[in-house]
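Going by the working numbering, 80 is the number at position 99 of the sequence shown; the sequence numbering is gapless. Idealized CB from N, CA, C, for every residue including glycine.
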Amino acid sequence: MTATQAEPLWIAVAGKGGAGKSTVSGTLSRALGRLGHDVVAMDSDTMPGMCRSLGIAEPSGTRLMEAIEPADERRWRLRKGVGPVRTVQRCTTPAPDGVRLLQLGKVDADTDVAAFTGAALAFHEIVGKLGESRTARRWTLIGDLPAGPRHLAAGFASYARGALVVVEPTSQSVLAARRCARLAREHMGRPAWYVANKVRDDAGRRRLVRMLGEEPVAWIPHDPVVAAAERDGLAAITAAAGSPAVATIERLAADLDQRRLAGL
Ligand SMILES: Nc1ncnc2c1ncn2[C@@H]1O[C@H](COP(=O)(O)OP(=O)(O)OP(=O)(O)O)[C@@H](O)[C@H]1O
Ligand SMILES: [Mg+2]
């Protein structure tokens, strides 16, 4: 199983706003948890999305704030003696299938800018140092990035060994996805794989391959049951269990587990 292999499975999930990043990353985290991975799900979006797709209530405030303290009037730092591993152990929220959620967003911070900046810096600090830790190397990290390519360039995904880029069959979604993939490959030097989402028919498939210039590693169909689960605030992996979309994400989890994606 992956947990005993040398290279940890640390994946960032990127893509345009609304493409399905949170649906994919949350469902993937749960599916990998079921395969025996010790998953830390990392939501670095200020608008939390992963808690819903994981199937837990929104953490009240970010527990990450427990790990940091003000350094001076403008800056924050990790508390003395608090390293990235302890932060994950202390400041995550438990979710089903053994997944733990590290939530950056939703500090009281939409109003408290200093606290938000602090949490963002702490997040950077934590994820940047995870690679040094033997304990963390036994974890599987699945990160839900904020929309668009910018955060790949800005260090929010410095932990990632590879990027899954979620893309819908629309030109805007493809434009953002291609930028995300290019940043992961050229700027970070990591493999990137496209995950097609909300695909309705063969024409959509063909259009997507033509616009991307390559074949996605997974094709998630448009699935009204998944959309309904989200509307009801339920995790797709339970509310839409057995649906074609969830089954596709479960297969993707098995592919990651078995290291079947090129470059992984
Ligand atoms: N395969 C699918 N079939 C139908 N609806 C889907 C599918 N995947 C995602 N959705 C719906 O699309 C919407 C956006 O999904 P999601 O929140 O996962 O996207 P996101 O990329 O995380 O968005 P944001 O950029 O706002 O964080 C949600 O309402 C979700 O239920
Ligand atoms: Mg989201």
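Of the choices the options, whose alpha-carbon is the least far from that of residue i?
i	options	result
LEU237	SER6, ALA0 and ALA138	SER6
ALA243	ILE(-8), VAL198 and THR229	VAL198
LEU245	ALA(-5), LEU145, ALA228 and ARG160	LEU145
ARG81	ALA0, GLU54, PRO130 and LEU45	LEU45
SER3	GLU231, ARG56, ASP19 and CYS32	CYS32
ALA234	GLU106, VAL176, MET169 and ARG171	VAL176
GLY214	PRO29, PRO(-11) and VAL147	PRO29
ALA48	ALA222, VAL206, PHE104 and PRO40	PHE104
ARG67	ARG56, GLN84 and SER114	SER114
ARG56	GLY(-2), ALA228 and GLY99	GLY99
SER25	LEU9, LYS110 and GLY136	GLY136
ASP19	GLN239, PRO(-11) and PRO40	PRO(-11)
GLY(-4)	GLY223, GLY109, ASP182 and ALA165	ALA165
ALA158	ARG186, ARG142 and GLY129	GLY129
THR27	ALA38, ALA101 and GLU195	ALA101
HIS168	ALA184, LEU133 and GLY185	LEU133
For residue i, report the span of its beta strand (DSSP E) as first-last.
i	result
MET23	20 to 24
LEU9	Counting along the chain, LEU9 falls outside any beta strand (DSSP E), though it belongs to the alpha helix (DSSP H) covering 2 to 15.
ALA144	143 to 148
LEU59	57 to 59
ARG81	81 to 84
PRO51	49 to 51
Which two residues bound the contiguous alpha helix (DSSP H) that contains residue i?
i	result
ASP254	It is not possible to answer for residue 254, since the shown part of the chain is limited to -18 through 245.
ARG166	Counting along the chain, ARG166 falls outside any alpha helix (DSSP H), and DSSP gives it neither H nor E.
ALA184	183 to 193
LEU308	Since the first residue of the chain shown is -18 and the last is 245, residue 308 is not available in this structure.
LEU133	131 to 134
PRO172	That residue, PRO172, is in no alpha helix (DSSP H); it is neither H nor E in DSSP.
LEU217	Sequence inspection shows Ala at residue 217; the Leu mentioned does not correspond to that position. Start and end: 217 to 220.
Output yes or no for whether 8 Å exceeds the beta carbon distance between residue i and residue j.
i	j	result
ASP204	ALA226	yes
LEU35	ALA216	yes
LEU189	PRO127	no
VAL148	VAL155	yes
ALA173	GLY143	yes
PRO40	ILE107	no
LEU83	VAL21	yes
ALA228	ALA138	no
GLY(-2)	LYS179	no
TYR140	GLY170	no
TRP200	ARG186	yes
Who pairs with residue i in a beta bridge, going by DSSP?
i	result
ASP125	VAL(-6) and ASP24
GLU39	The partner list for GLU39 (beta bridge, DSSP) is empty, contrary to what the question assumes.
GLU211	GLU211 pairs with nothing; no bridge assigned.
ALA177	VAL148 and TRP200
THR74	LEU82
Looking at the C-beta of residue i, does it have a partner C-beta in chain B at a distance below 8 Å?
i	result
VAL206	Looking for chain B here will not work: only one protein chain is present.
Comparing the CB of residue i with every heavy atom of ligand 4, is any distance shorter than 7 Å?
i	result
SER152	Among the ligands present in this structure, namely ligand 1 and ligand 2, ligand 4 is not found.
### Query
Does the count of Cβ pairs from the region 109 to 123 and the region 3 to 18 closer than 8 Å reach three?
Taking 8 Å as the limit for Cβ pairs, the verdict is that the region 3 to 18 does touch the region 109 to 123.
### Query
Counting pairs of Cβ atoms below 8 Å between the region 73 to 80 and the region 111 to 120, do you hit three or more?
They do not touch, by the three-pair rule.
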